[in-house]
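Some notes on the structure that comes next.
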Amino acid sequence: RQAEILEAEGFSAALDKIYQVAKGVDAKTMSLQYFETLKTIGESPSTKYVFPLEFTNFLRPFASMFGGDSGDGAGNPGRKGVSVEDEPKL
Numbered sequence: 028r029q030a031e032i033l034e035a036e037g038f039s040a041a042l043d044k045i046y047q048v049a050k051g052v053d054a055k056t057m058s059l060q061y062f063e064t065l066k067t068i069g070e071s072p073s074t075k076y077v078f079p080l081e082f083t084n085f086l087r088p089f090a091s092m093f094g095g096d097s098g099d100g101a102g103n104p105g106r107k108g109v110s111v112e113d114e115p116k117l
């Protein structure tokens, strides 16, 4: 019983440290972390991936770090305020 209590207290302390670090992380750091995750996913032999986020919003902070316009890469500016739900159904 005592071991379970000590394990739970250690887990709680670890979560508290993670929270303290995570609350100070900025958008640039998170973008880089997302790209590291994508790199790892890309090493998989899978050919289909499901991302639980709206991908263009994910790319905006990263594009702005490099002076991009958050558009489509061809000089066309991004469409702010447009979500996946607004896209036409095929």
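Under the numbering used here, the first residue of the sequence shown carries the number 28, and numbering increases by one thereafter. C-beta: ideal position from N, C-alpha, C; glycine also. These figures come from a predicted structure and were not determined experimentally.
Taking C-alpha atoms, which residue in the options lies nearest to residue i?
i: Met92; options: Phe78, Thr74 and Ala54; result: Ala54
i: Phe85; options: Thr67, Tyr61 and Ser71; result: Tyr61
Take residue i and list the residues in its own chain whose beta-carbon comes closer than 7 Å to its own, dropping the five residues that flank it on each side.
i: Lys75; result: none
From which residue to which residue does the alpha helix (DSSP H) around residue i run?
i: Gly37; result: Gln29 to Ala49
i: Tyr61; result: Ala54 to Gly69
Examine the ligand SAH and report whether any of its heavy atoms sits within less than 6 Å of the Cβ of residue i.
i: Lys55; result: With respect to the ligand SAH, the structure offers nothing, as it holds no ligand at all.
Give the C-beta separation of residue i and residue j to the nearest angstrom, bearing in mind that I take them to be a contact with Cβ-Cβ under 8 Å.
i: Ser58; j: Pro79; result: Actually they do not touch by this definition, with Cβ atoms about 16 Å apart.
Only counting the same chain, and skipping five residues up and downstream in sequence, which positions put a Cβ closer than 6 Å to that of residue i?
i: Gly37; result: none
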